[in-house]
Amino acid sequence: MNLLDPILLSLRVAGLATVITAVLGLFLAARLNATRSRPGRILAGGLESLILAPMVFPPTMTGYLLLLLLGPNGPVGSLWGASGGLLFSWLAAVIASVVVSLPLMYQSAKTALTSVDPHCIAAARTLGSSERRIFWKITVPLAWPGIAGGMALAFARAIGEFGATLMVAGNIPGATQTIPLALYSAVESGNTSAANLLLGVTVALSFAIVIVVRWSERRTAASRAHRLAGGGSR
Amino acid sequence: MIQANCTRRLPEFVLDVSLSVAPGETLVIQGESGAGKTSLLECIAGLAAPDCGTIIINQVTVWSSQDRINLSPQERAAGFVFQDTALFPHMCALENVSFAVTAGYRRRHETVPQKKAVAALAQQELERLGIAHLAHARPRMLSGGERQRLALARALAAQPSVLLLDEPFSALDRKTREEMWRIVRELKTGTRLSLVLVTHDHEEAQVLADRILQIDRGLIHDDA
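Same order as they appear, the protein sequences are chains A and B. The opening residue of the first sequence carries number 0 in numbering that gives the first Met the number 0; numbering runs sequentially from there. The opening residue of the second sequence carries number 0 in numbering that gives the first Met the number 0; numbering runs sequentially from there.
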């Protein structure tokens, strides 16, 4: 059993899914958070429920829904032509990972953005700075520890994704077989040494992710305490 | 020059003010905590919207309920110094001021100079406020007085047409406060910048004001 393929594929799938999730999660959190009008808030609430749904939905059900969407007769899959293009490819695994990790990124980004000192934003506005510049130069850097924590959680969720990935990408060695799927196959075929090695890789990655999350939590807590104590920016 | 005639419903009372500040004049609005001082400044700066009325800054109507005009804070050119300074904690002093220099150029629709030229202008502003030696210090490394000087330098670097000061010296010790009073008086010399300072400190009002207004539960009822 070639173990390098599932490890490299998992890193590729989780890496790309994290980048997409980070951009999408940050954009959605910023937009929905900035909505002020009553109809806008109702719409934002509905969209937020949709984003968060995969967190409480069984992954296999999410996978089945994606299968319906991405299948040759589905609204997205039909755009790909009759070949069924997206299904059972590594890109389908990326899509599944994005859908299941987006709620974690969205929640983290939302918390991080709302923890930014509103006086800093107000000060930047009175200086004449555009909203876009304020977002990139003030909001994102100040919210960065929380955003980084969200990215770490999204990466962890993506690398551990099993149910939805199996439904839309299958378990094709060398093509769509990620670490969790390879582990499942190894255990099923009684290949304990391969399963142990995959377990070791996953544990090492998990430790690295936990370190990033703890660091981001400490930074966020420290900056909040600093703000409340009236130091630095306040 | 500022002309404000507006009302705004607040949780406990209605802010109902009518005032004008001439070019180069320092108007001090004095009142107890929760009297509506900060809300008034926020309405002028565009950080809060009145319910009705008109606000004019340098002959430009920035708010009018009748004509449905509501210019953004970015378009009003009203510098604001917050009580808590609101400095950007992830930037050093020079970067804080450089941000304002760049924002000022963009607001005036002028070409932003090269990074080095922006930094030189920011450095000049820090020198004017006597904190050039702290250019590379982050806000958390500065004392209360130094932070307020930096906040003032940042507000002035954007070249505002009016400057609004929201109890900026209330958290400082007496010696530092007197130093800040001296700096504000020096800044005023030779400029036509209109200043509105809100404070609950009677002595501060006496030292800095050309004119003092009293505010109580949203109403201006005394012009001393």
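Ideal Cβ positions, reconstructed from N, Cα and C, are used throughout, including at glycine.
Contact set for residue i: own chain, Cβ-Cβ below 7 Å, skip 5 residues either direction
{"i": "B/Ser32", "result": "His199"}
{"i": "A/Ala157", "result": "Val12, Ala13, Ala16, Thr17, Ser96 and Ser100"}
{"i": "A/Glu47", "result": "Leu31"}
{"i": "B/Thr242", "result": "For chain B, the structure presents residues 0 to 223; residue 242 of chain B sits outside this window and is missing."}
{"i": "B/Glu145", "result": "Ile130 and Leu133"}
{"i": "A/Thr177", "result": "Pro5, Leu8, Ser9, Val12, Ala92 and Thr164"}
{"i": "B/Met179", "result": "Gly144, Gln147, Phe168 and Leu171"}
{"i": "B/Ile211", "result": "Val27, Gln29, Ala204 and Ala223"}
Identity of the residues DSSP links to residue i by a beta bridge
{"i": "B/Asp15", "result": "B/Thr6 and B/Leu218"}
{"i": "B/Glu78", "result": "Note on residue identity: the sequence assigns Gly, not Glu, to residue 78 of chain B. Paired residues: B/Leu162."}
{"i": "B/Thr194", "result": "Looking at the sequence shown, residue 194 of chain B is not Thr but Leu. Per DSSP, B/Thr25 and B/Leu162."}
{"i": "B/Gly52", "result": "B/Cys5"}
{"i": "B/Gln205", "result": "Paired residues: none, contrary to the question."}
{"i": "B/Asn69", "result": "B/Trp62"}
{"i": "B/Val20", "result": "B/Ile1"}
Interface flag, residue i vs chain B, CB-CB below 8 Å
{"i": "A/Arg131", "result": "no"}
{"i": "A/Ala29", "result": "no"}
{"i": "A/Arg217", "result": "no"}
{"i": "A/Arg233", "result": "Note on A/Arg233: pLDDT 35, under 50, position unreliable in the model; no value is reported."}
{"i": "A/Leu68", "result": "no"}
{"i": "A/Ile137", "result": "yes"}
{"i": "A/Arg35", "result": "no"}
{"i": "A/Ala122", "result": "yes"}
{"i": "A/Thr125", "result": "yes"}
{"i": "A/Pro58", "result": "no"}
{"i": "A/Pro71", "result": "no"}
{"i": "A/Ser128", "result": "yes"}
{"i": "A/Pro144", "result": "no"}
{"i": "A/Leu197", "result": "no"}
{"i": "A/Asp4", "result": "no"}
{"i": "A/Leu141", "result": "yes"}
Any chain A beta carbon closer than 8 Å to residue i
{"i": "B/Pro10", "result": "no"}
{"i": "B/Phe81", "result": "yes"}
{"i": "B/Gly144", "result": "no"}
{"i": "B/Gln113", "result": "no"}
{"i": "B/Pro72", "result": "yes"}
{"i": "B/Ala99", "result": "yes"}
{"i": "B/Ala92", "result": "no"}
{"i": "B/Ala85", "result": "yes"}
{"i": "B/Arg67", "result": "no"}
{"i": "B/Ala89", "result": "One point to set straight first is that residue 89 of chain B is His, not Ala, in the sequence displayed. Closer than 8 Å: yes."}
{"i": "B/Gly217", "result": "no"}
{"i": "B/Ala136", "result": "no"}
{"i": "B/Ala102", "result": "yes"}
{"i": "B/Arg127", "result": "no"}
{"i": "B/Arg152", "result": "Before going further, note that residue 152 of chain B is Ala rather than Arg in the sequence given. It does not; no Cβ of chain A falls within 8 Å."}
{"i": "B/Ala157", "result": "yes"}
{"i": "B/Arg105", "result": "yes"}
{"i": "B/Ala77", "result": "yes"}
Own chain residues within Cβ distance below 8 Å of residue i, not counting five before or after
{"i": "A/Pro74", "result": "Leu68"}
{"i": "A/Tyr63", "result": "Met166"}
{"i": "B/Pro112", "result": "Tyr104 and Leu120"}
Close-in-space but distant-in-sequence residues of the same chain around residue i (CB under 6 Å, 5 per side omitted)
{"i": "B/Gly129", "result": "none"}
{"i": "B/Leu18", "result": "Ala3"}
{"i": "A/Asp4", "result": "Gly173"}
{"i": "A/Ser107", "result": "Gly145, Gly148 and Gly149"}
Start-end ranges of the alpha helix (DSSP H) lying completely within the stretch 55–141 of chain A, minimum 4 residues: 58–69, 89–113, 117–126 and 130–133
Can you list, in chain order, the residues of the stretch 30–52 of chain B whose Cβ is nearer than 8 Å to any Cβ on chain A? Ala44, Gly45 and Leu46
Which runs of the alpha helix (DSSP H) at least 4 residues long sit entirely within the stretch 108–150 of chain B? Give them in chain order. 114–127
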